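Since the structure comes first, as structure tokens, the remarks are kept for the end.
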Amino acid sequence: MIQNFSYMTHQVESGSAIVAGNTSVFSQNDPYGALMAILGMGIVFLILLLLFTVFSTTPRIYTPEFKVWLNSLWSRKKMAKPEETLEDIKVSKPEELSGEVNAAIAAAIHLYRSELHDYENTVLTIRKVSRTYSPWSSKIYGLRNIPKN
Amino acid sequence: MIQNFSYMTHQVESGSAIVAGNTSVFSQNDPYGALMAILGMGIVFLILLLLFTVFSTTPRIYTPEFKVWLNSLWSRKKMAKPEETLEDIKVSKPEELSGEVNAAIAAAIHLYRSELHDYENTVLTIRKVSRTYSPWSSKIYGLRNIPKN
Amino acid sequence: MIQNFSYMTHQVESGSAIVAGNTSVFSQNDPYGALMAILGMGIVFLILLLLFTVFSTTPRIYTPEFKVWLNSLWSRKKMAKPEETLEDIKVSKPEELSGEVNAAIAAAIHLYRSELHDYENTVLTIRKVSRTYSPWSSKIYGLRNIPKN
Amino acid sequence: MDLGTFEFIRQQLSELYGYTAFANVDWRHLVMICVGLFFISLAIIKHYEPLLLIPIGFGIIIGNIPFDVTADLRIGIYEEGSVLNMLYQGVERGFYPPLIFLGIGAMTDFSSLLSKPKLVLLGAAAQFGIFAAYSSSLFLGFTPEQAGAIAIIGGADGPTAIFLSSKLAPEFIGPIAIAAYSYMALVPVLQPPVMRLLTTKKERLIRMKPPRAVPKQEKILFPIIGMLLTTFIMPTALPLLGMLFFGNLLKESGVTNRLAETARSSLIDIVTIFLGLTVGASTQGDVFITPQSMMIFGLGAASFIIATFSGVLFAKIMNLFASEGNKVNPLIGNSGVSAVPDSARVSQHVGLEYDKTNHLLMHAMAANVSGVIGSAIAAGILLSFLT
Amino acid sequence: MDLGTFEFIRQQLSELYGYTAFANVDWRHLVMICVGLFFISLAIIKHYEPLLLIPIGFGIIIGNIPFDVTADLRIGIYEEGSVLNMLYQGVERGFYPPLIFLGIGAMTDFSSLLSKPKLVLLGAAAQFGIFAAYSSSLFLGFTPEQAGAIAIIGGADGPTAIFLSSKLAPEFIGPIAIAAYSYMALVPVLQPPVMRLLTTKKERLIRMKPPRAVPKQEKILFPIIGMLLTTFIMPTALPLLGMLFFGNLLKESGVTNRLAETARSSLIDIVTIFLGLTVGASTQGDVFITPQSMMIFGLGAASFIIATFSGVLFAKIMNLFASEGNKVNPLIGNSGVSAVPDSARVSQHVGLEYDKTNHLLMHAMAANVSGVIGSAIAAGILLSFLT
Amino acid sequence: MDLGTFEFIRQQLSELYGYTAFANVDWRHLVMICVGLFFISLAIIKHYEPLLLIPIGFGIIIGNIPFDVTADLRIGIYEEGSVLNMLYQGVERGFYPPLIFLGIGAMTDFSSLLSKPKLVLLGAAAQFGIFAAYSSSLFLGFTPEQAGAIAIIGGADGPTAIFLSSKLAPEFIGPIAIAAYSYMALVPVLQPPVMRLLTTKKERLIRMKPPRAVPKQEKILFPIIGMLLTTFIMPTALPLLGMLFFGNLLKESGVTNRLAETARSSLIDIVTIFLGLTVGASTQGDVFITPQSMMIFGLGAASFIIATFSGVLFAKIMNLFASEGNKVNPLIGNSGVSAVPDSARVSQHVGLEYDKTNHLLMHAMAANVSGVIGSAIAAGILLSFLT
Ligand code: NA
Ligand code: NA
Ligand code: NA
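Protein chains in written order, with our numbering: chain A, 4 to 152; chain B, 4 to 152; chain C, 4 to 152; chain D, 734 to 1120; chain E, 734 to 1120; chain F, 734 to 1120.
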């Protein structure tokens, strides 16, 4: 059953020297792909283990004290951002409790919607208003939308 | 008045052999375009007559019985789609009656709008809400929007 | 300190003859860029002064009488556009008065928003409606959206 | 060389003047700029096809700002390396039109046609304008390929005209595109006289049965069957009709709304902006104002009027064979040309003039969308015969 | 030559017939058209990945309308100058996949992963399917490059598969892409039996702790650190992962919402339409229906099932080392493949079958988004080893 | 060759290591990655121009992931066939900037300028920074073309700078673009000190008359007349100003809202993403960190500050000739540079510091949009003189 389809390679472009070089090493030394499997899985695990390590330690750095310190640092730099602290406080408290319940509701809504979504149309509430002309009004819009230039 | 502008063809690319070949046949044998007109109109009518035939027979296949059968077939395959049958029932009944009236209303609205549409702005009702943070809430959004991967 | 980096020009394409020609004239005759500054600023000012001239005279042309005449001209051509005259009348009256106040409000809103805008989400009010089927209803939509072809 | 400062300034200013429009202007640039301004005015004041006429009109102005074509400034649409030239590739290589058709498919509701399939024949009849223009173009001395490209103006379909002329007669893309779009914009002016001329008062009052409701399943089947049927017979219609039906399936499948939405908004808008702008800019006065262009405009107008004629006449012929309740109001015959939805609107408007309660819009739309298919098929036929 | 009129008509008609599909059709075209219809039906009736299957399915139909390939009509996807060929460049030159990843990054919320980082390992385990398929492909006689391109089907990631095969084995882009997308669509069919086979009743009832709330700062740091960490070790993953993390930063930074919104709507939609259509159309029957294609489909299915196996098994292995309250429900192991969010939905559905109050969705999403990263890394590894 | 298994593994691992960033890293990569991180922090924490700094910052990171440039992996922005290289074409060939200008035109309201046309002169005065930088660059040994490209940084306009340097000095696109965008982001830091230095307390309290209402007709005429006027004199400004005025006509015509909407949302967003990413990635450390780059940054900063100077001073000069009620508050002079709307916001902020009820925003916007036009004209002049 072992045959070779490389004759089909009718449109491979460029870099073929390198391809051939390295590949022939592989075909002769790893005919069953075992080494590729070991090396490959090793590297995948290595990288994702690193990700795991980094992101399982970051939350430990983000202690409430650290967060307060960081926020104070930021607020000094910026003009004033009370929302941020508020949000963080909200975040660091009640989610453990309601998570399970939220999950249930969320999943239910999700499933319900995904089953229905093509029998309904999503309609934006559109309101027609007559143009109240002012040289100022349009400008704010203009300003707020300029992404930069 | 018969002159020839083909000397202007300054940038025609590729396939010129075929073009020349076939075209010269046409210029010598169909100098007035009459055959082109006959063949052309014939084919256009042929294709659109076929379309007409197919789509004037399909509704005859879609008898109420056939529809019910088809729906039952589908509902078995899918989990449950009561909306579909409902919709179809709605569809198969009252439209003949109200069509005329609807048409009048529709057309009136259409004309009214098309005359006015540049003196008004379409404004989307936009509501600012403060972010109620939850690790769950955003996810549903994320899930529902992933188009694939 | 005067050295020359032109050897770095490793990828300048095309038109190099012209570039070289004109440029060498410049490097020999305008080694300090003074002439470039004078000519350049002169042309910038010339063009923008022209813009200034044109657009400080146009409003004088747009006298109320001219506007009424122009509108009457247009209205005859088109079916009937009462909104336009209305709008223009609105425009030509009360803006001088309320401009200052509007500006204050506008600026305040603008600044308020620009400071807040990443702590809030803009949420469109979306309403799900069940499809009321009609061969007419969808058509209007279709019609109004066809940009042409 | 080292010059005196004043001599140098004088020389620079003179060279600069050589770059300005004033040194390069020509009456043809000014004529074309006026044409551009006229298109923009038509769009803003008369509301004729603004989505086309504004980009084309402004494109004409951009394309006719006179500049020194010998200075390799890479500004002009025909200079390689300029932005306009890059955007023009989509016109020259013919890939904007299929993208436009994708968007049209995603916004067109074919149920008017599905509910009265016999009206599809009006979309066939109106294509006669194309073949009449082909004959006339041959008579005026154009080659068959050029004649084919010019003839398609009678299809009243801008993207189709650009697509076909990019294949058959790229030297005439500019005038053909401008002619096609101009006449599409002039539908409300050109068609009503022809319609009134050919119809009797009694005919104009004919009331047609309201269309039946079309079930979702039929609307899904239409793009698939339509695709197979048309392209099996005429594969050269594939680039246009394949995209049209693909867009329509995205719309009707009910499960790919976000793709259909993008195809009929951002995608078609972006292509429309680029296509309009570069078609306009391709009319650089010095290469555009020629006797051939004038003939093309004349042939286009004739072709357009003949198309309206044959549509209305064919509706009257259909009535000869129809039973009493099934007559077709010939005022929808003009809608067989593929200027969607303008010609359908003309049917509705003219119909209402004679009977304030007789709404022809939906019936006209059936003929109108058939016209889109019919003109794309006609383009395929010309492509097959002439390549 | 001058022919008689009838002879001329006969000749033209015969030439025209030679252009039609009827003169060029072949059983393989018909088979592929049926496959296209089947894909469309799956999407509409069964709701399997419609955003992929509708464009691919209709693309298959478009690509298999038979035409005269010798006539230089510039219709076919492999003919230079055709619209399909222009749109196909994005597949052939591999720039659609990174743009898709940009959009995915802009719509993916990684906080499920951040809240339970250990689930990231499930995304690693499931990549074993890839390397198993590599071995099998070698065994069946494919070259190592071809084997690598085929193996990536097991990553369950359409764009990654297209990207890798465009680099390693462009001759197989068509079958590999079709296989990858088909199996992604069949996730709800292929995975549940494997999941039930490998798990005990008790395991299926394991409840996992709800995830913690992830502060905004961590979500912003993730794309930056993730980017540096993965691409420093495996720079060949840069085109895919660079774009994924870039998109995610646009989303999470909180100050570039309009860019993130465009990336995850218009931009990804346009690319999805073009990619699906041309991948479908690349299956022109005569070059597509070959023994190799069939083998590729077989290998793809095997690879996919092995990936599910190893994901579920690895979850069970993790439980051997986990304390009581920290066990992982092995029903989320299948989500290590990168079919987002389909395999996560399968975990949730199967989980609910056994306990109506046990919602696995969020935990499964953590494994699922890790799978996206894992399969892109695996693609980088194959690219490094095989070029 | 046939190797022992362990020797083979060792060899593969060593080759793999040779591919990683660790084997190819260089201090310049790390410096640039820190610069990228700094840009991202500025955007997120300080909110400076996030729509630019996030893409550019992440682009810098992507462009400085070290990889083996000899291995033909097609990853780097300067390697043909890589995704980054394909996206970079829009920068290198200069077609992103005109598309950005199209979008800006479609979102800019010129009525502030139309209501007080004399403020247009502030937009002229601020361009002096450009010509001062040209002199300085010549003095530091750059060629006139390079000097022209560097000088445009003083125009405070990213797209204009990229466009001009792609034409005059493509070897410096990277540093020029980075400098231009950095200083635009630093407008709130760089300008206020100069403004305070040059103005007296009394001047800062000057109140300006509220602008008059501008009728729709004038707003429609502006892009048309503006277009003809500017490009007739300076045709080389056509690619930028043509697009700017085209976008503005789409906005103001009132009949092409959908095209304007797309131009100022999807289209400009897509181009912004690609432009920012590739400009950032073009800063590959080994080709970017050079003495010339450092000089360019220095010249850019100087040019920027001089521009602010000349804008404010010119406002004071205008006041010498203005009657009492018509004085200009010199705090809007800084807005003559074309960083829209940042410098106008700076005027408003600084103005409010001295009088809480004196809103300068609208007046500053007039100068600001004139600056956009002014800097595009200056670019046209440099292009005319130096090619
Ligand atoms: Na058409
Ligand atoms: Na994936
Ligand atoms: Na600017």
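Backbone N, C-alpha and C fix where the C-beta goes; we use that ideal spot for every residue, glycine too.
Just so you know, these numbers come straight off a predicted model, no measurement behind them.
Quick one: is residue i buried, meaning 16 or more other Cβ sit within 10 Å of its Cβ, or exposed?
| i | result |
| --- | --- |
| D:N757 | buried |
| F:N1091 | buried |
| F:L930 | exposed |
| E:S1101 | Reading off the sequence, residue 1101 of chain E comes out as Asn, not Ser. With 16 or more other Cβ atoms within 10 Å, it is buried. |
| F:Q745 | buried |
| E:K935 | exposed |
| A:G45 | exposed |
| E:N1059 | exposed |
| F:K952 | buried |
Got a sec? Which residues, its chain only, sit under 8 Å from residue i by beta carbon, not counting five neighbours each side?
| i | result |
| --- | --- |
| E:L835 | M976, L977, F979, G980, A996, L1000 and I1001 |
| D:T901 | Note that residue 901 of chain D is Leu in the sequence shown, not Thr. Once the five neighbours on either side are set aside, the close Cβ partners of D:L901 are E878, Q879, G881, A882, L1115, L1116, L1119 and T1120. |
| D:F800 | Y752, A754, N757, L806, I808 and G809 |
| F:V824 | I895, S899, I906, A910, L1008, T1011, V1012 and S1015 |
Sorted by chain position, which residues of the same chain lie with C-beta nearer than 7 Å to residue i's C-beta, five sequence neighbours on each side aside?
| i | result |
| --- | --- |
| E:L983 | A839, T989, L992, A993 and A996 |
| E:E812 | N818 |
| E:I1110 | T963, M967 and A970 |
Determine the DSSP secondary structure at residue i, reduced to helix, strand or coil.
| i | result |
| --- | --- |
| F:G874 | coil |
| E:K942 | coil |
| A:T60 | helix |
| E:T1090 | coil |
| E:S707 | Nothing can be reported for residue 707 of chain E, as the shown portion of chain E is limited to 734 through 1120. |
| D:P1074 | coil |
Which stretch, first to last residue, makes up the alpha helix (DSSP H) that contains residue i?
| i | result |
| --- | --- |
| F:H1096 | L1094 to L1119 |
| D:Q1017 | Note, D:Q1017: premise wrong, no alpha helix (DSSP H); not H, not E. |
| E:A804 | Note, E:A804: premise wrong, no alpha helix (DSSP H); not H, not E. |
| A:Y35 | It is not in any alpha helix (DSSP H) - A:Y35 carries neither H nor E in the DSSP assignment. |
| E:R991 | N990 to T995 |
| D:G907 | I906 to A918 |
| F:Y781 | Where F:Y781 is concerned, there is no enclosing alpha helix (DSSP H), given that its DSSP letter is neither H nor E. |
| F:I1050 | P1024 to L1053 |
| D:P830 | Y829 to M840 |
| E:I966 | K949 to I966 |
In chain order, what residues of the same chain have a beta carbon less than 6 Å from the beta carbon of residue i, not counting five sequence neighbours either side?
| i | result |
| --- | --- |
| D:G907 | S1015, T1016 and F1021 |
| E:L897 | A882, I885 and A1112 |
| E:E748 | none |
| D:L832 | V1004 |
| D:P842 | A small correction: the amino acid at residue 842 of chain D is Asp; Pro does not occupy that position in the sequence shown. Excluding sequence neighbours, D:D842 sits near nothing in its chain. |
| D:T1041 | Q924, V927 and N1067 |
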